[in-house]
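Going by the working numbering, the first residue of the sequence shown is number 441, and it counts up by one from there. Structure first, commentary second.
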Amino acid sequence: MGESKRRKAALGENYGKESNVLPWLPITKSQAGQFMKLSNRVTWIGIGTLVAIWVTVLFIGPLLGWWQVN
């Protein structure tokens, strides 16, 4: 328990506060983790949308065009 008291005395006001990712950037490490999780989810949604559009253009579009001609 002596170590925690020394750490608390050394950190002063910042004891128990989360540290920033970079000293000049006001973003905490948990906020950076949340951003990474969100950007990962958005990326997979974008990939899924791209695949859906690709399947539509490649397969469904020509089938609809062929159906209207005949």
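Glycine included, every Cβ here is placed at the ideal spot set by N, Cα and C.
Sequence-distant residues of the same chain with beta carbon closer than 7 Å to residue i, five excluded per side
i	result
Ala450	none
Lys395	Lying outside 441 to 510, the shown extent of the chain, residue 395 is not represented and no answer is given.
Coarse secondary structure for residue i, derived from DSSP in three states
i	result
Pro463	coil
Neighbourhood of residue i by C-beta, 6 Å cutoff - its chain only, sequence neighbours within 5 removed
i	result
Ala472	Val461
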